[in-house]
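A quick write-up on the structure given underneath.
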Ligand SMILES: [Zn+2]
Ligand SMILES: [Zn+2]
């Protein structure tokens, strides 16, 4: 039983609980999962995750329309956001190695390619993992 603290509303409580349960089923018990009340700063994002540097702490945000998605879409999105922190150490290593070698436009272009590849990999993994996990509210 997880002790849920700092929960501002029923919605944050609900998504924190679902993300926590899902993380546990993904063998990510050592990660702290927090849900922030504010929506993602990028309005096009349905959900986002921010990983605290050097710590096993992630903060998720959900778009105001997230609850309107189908349960399958919600599950997929939560799993997608949970996969991101697993790749975080790798992408940070690549980022810092690249920044040591080159900068400016070349670095921005390279990091853009890395971000796109990370999204594809996260999508692939989330598509494999999500169907085996419970839907929200079940
Ligand atoms: Zn809230
Ligand atoms: Zn993503």
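Numbering (our numbering), first residue to last: 41 to 178. C-beta atoms are modelled at their ideal positions from N, C-alpha and C, and glycine is treated no differently. This structure is a prediction, so every number in the text was calculated from the model and none was measured.
| Asked | Found |
| --- | --- |
| Residue 185 (DSSP reduced to helix, strand or coil) | Look at the range of the chain in this structure, 41 to 178, and you will see that residue 185 is not part of it. |
| Residue environment, residue 100, which counts as buried when at least 16 other CB atoms sit within 10 Å | buried |
| Buried versus exposed, by CB contacts within 10 Å (16 or more), residue 166 | buried |
| Residues bridged to residue 149 [DSSP beta-bridge criterion] | None; residue 149 has no bridge partner. |
| 8 Å contact criterion, which residue 134 and residue 173 should meet: CB distance rounded | At roughly 28 Å, the Cβ-Cβ gap does not stay under 8 Å, so residue 134 and residue 173 are not in contact. |
| Given 8 Å, three or more beta-carbon pairs between the stretch 103-117 and the stretch 129-144 | no |
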